[in-house]
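Everything on this sheet refers to the single structure shown next.
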Amino acid sequence: MSPEFRAGQCWTYRAPEGFSSSRIVIGAVLAFSGSAPIMCCMVSDAPLRMPDGSLGRATIPFLPLTSAALEETVLELDGEAQVDNAFIDAYAAWRADERGLRVFSVPFGGFLDQLVARQMASIIGVEV
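First residue of the sequence shown? That's 6 in my numbering, and the numbers climb one at a time after it.
What follows is the structure, encoded as structure tokens:
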């Protein structure tokens with residue numbers, strides 16, 4: 006059964022090893038006539054590859070996902086949480102982007118660079 010996503014929910018996800026404290030927080034759910042909702046999220050304690058190759062922790066202030074991509078990403082509901090001001094600013098910039106509302110349609114696994122690579126591969130029909 007598909008989860009019912011709502012703004013304010015905090016979810017665990019398939020985070021990389023050592024990052025089990027990382028969470029996805031839904032900041033906004035956008036519904037459009039004739040298409041699936043878009044989940045506008047923030048990610049706390051996400052892995053960040055440092056210049057020396059080590060891993061640090063960072064907040065990803067804004068991550069727009071299709072509802073299907075979020076469903077494939079999350080594991081279980083972990084209460085509720087608030088997004089921070091960085092989400093609010095990034096969300097406003099995303100909504101105002103004249104190029105349209107860009108969204109990821111592939112699952113998130115903790116690393117932004119890998120998400121972008123999977124999205125590009127999906128666009129050209131290649132499995133990664």
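Heads up, the beta-carbon is just placed ideally off N, CA and C, and yes, glycines get one too.
query: Given 8 Å as the limit, is there contact between the region 86-105 and the region 10-30, that is, 3 or more CB pairs closer than that?
result: yes
- request: Would you mind reading off the limits of the beta strand (DSSP E) that contains LEU60?
  value: 60-71
message: Going by C-alpha to C-alpha distance, which of ILE65, PRO42, ARG123 sits closest to PRO52?
response: ILE65
field: SER49 vs ARG19 beta-carbon contact at 7 Å
entry: no
query: Going along the chain, which residues of its own chain have a beta-carbon closer than 7 Å to the beta-carbon of PHE92, five neighbours each way excluded?
result: GLY32, MET47, PRO66, PHE67
- request: Just the C-alpha distance for SER7 and ALA126, rounded to the nearest angstrom, thanks.
  value: 26 Å
message: Check this for me: beta carbons of GLN119 and VAL111, under 7 Å apart or not?
response: no
query: Are VAL108 and THR71 close, meaning C-beta to C-beta below 7 Å?
result: yes
message: Looking at GLY115: is its Cβ nearer than 7 Å to the Cβ of PRO21?
response: yes
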